[in-house]
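Some notes on the structure that comes next.
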Amino acid sequence: MRWYKTINWEQVTRSYQSDKISYPSYYTSVNYHGIQNGYLNPIAAITYDIITPLATLPSEQWLRQSLLKTITIKPIKILDLGCGTGTNTINLKTTFPKAEVMGLDLSPYMLAIADKKSRINQQEIIWKQGLAESTDISSYSCDLITISLLFHEVPNKISQAILKESLRLLKPKGQLIILNANQQRLRYLKWLTKLFREPYSFTYAQGNIREWLEKIGFQTIKSKPIGGIYQITSAYKL
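Quick note: to get the numbering used here, add 1 to the position in the sequence shown (first position is 1).
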């Protein structure tokens, strides 16, 4: 809290805010994790790295390392959609130091924290504000796209739009990896979504990532349960 109070948030976030961005109603009409204004509140950015390990048992880093182990290609350009405070993005840069790595998120506050973390690690990462479902990134430009702990925080139709956008962005033979809650298991844990005040988790649980990927045109789709209530899904663009 002392650190939070010493930051000029308007100044710090200015460089991450794009004039082209219009915040969608699904993002502004809910209070993620019970925080007023959700991720458009700097308190959400300050507390994210404290709260997330509590919700990602047995270990947040273990889950994220499991994502890294799912990568089967040698990427030159990596995009981390919905990067939040950049933990996964930084792990990707550490694993592939020669690759160009970009983290995209809608919250300038989350990006400010992500940039601070990457500077501490002395890593050169591109941080960009944008909508994961409608980026202005060129088609066929990414070898690897990761989406970590995002789909339970947006409506299902937005998740499917993000998958369509990912297919557009990937090069042929590019890989997409999704880390999120296992939908079948989450259906029986409605109390958990209430505990963490996740506004879209229950509707997310009614969907099926594999079916979404198949419908959109991804190939070689594989999902595996991991860490109790989580799953990792890998798919490719042919």
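The C-beta atom is built at its ideal place from N, Cα and C for all residues, glycine as well.
- When the Cα atoms are used, residue 85 and residue 149 turn out to be separated by approximately 9 Å.
- Secondary structure at residue 51: helix, using DSSP grouped into helix, strand and coil.
- Contact check for residue 222 and residue 211: beta-carbon distance about 6 Å, within the 8 Å limit, so the pair qualifies.
- For residue 81, the uninterrupted beta strand (DSSP E) run begins and ends at 78 to 82, by DSSP.
- Contact check between the stretch 193 to 203 and the stretch 150 to 160: three or more CB pairs, one atom from each, fall below 8 Å, which counts as touching.
- Just measuring C-alpha positions, the residue of 30, 196 and 48 sitting nearest residue 4 is 48.
- Sixteen is the threshold: since fewer than 16 other Cβ atoms of the shown chains lie within 10 Å of the Cβ of residue 20, the residue is exposed.
- Assignment of beta strand (DSSP E) within the stretch 56 to 109, counting only whole runs of 3 or more residues, yields 78 to 82 and 101 to 106 in chain order.
- Shown here for residue 167: same chain residues with a beta carbon closer than 6 Å to its own, the five before and five after excluded, namely 146 and 177 in chain order.
- Restricting attention to beta strand (DSSP E) runs no shorter than 3 residues, the stretch 130 to 176 encloses them at 143 to 149, ordered along the chain.
- The beta carbons of residue 88 and residue 65 sit about 6 Å from each other, so the pair counts as a contact at 8 Å.
- Pairing residue 111 with residue 41, the inter-Cα distance amounts to about 9 Å.
- With a cut-off of 8 Å on Cβ pairs, the stretch 183 to 196 is not in contact with the stretch 61 to 79, counting fewer than three such pairs.
- Between the beta-carbon of residue 184 and that of residue 157 there is about 10 Å, and that puts the pair past the 8 Å contact cut.
- For residue 181, DSSP records a beta bridge to 232.
- With respect to residue 45, residue 36 sits close: the two C-beta atoms are nearer than 8 Å.
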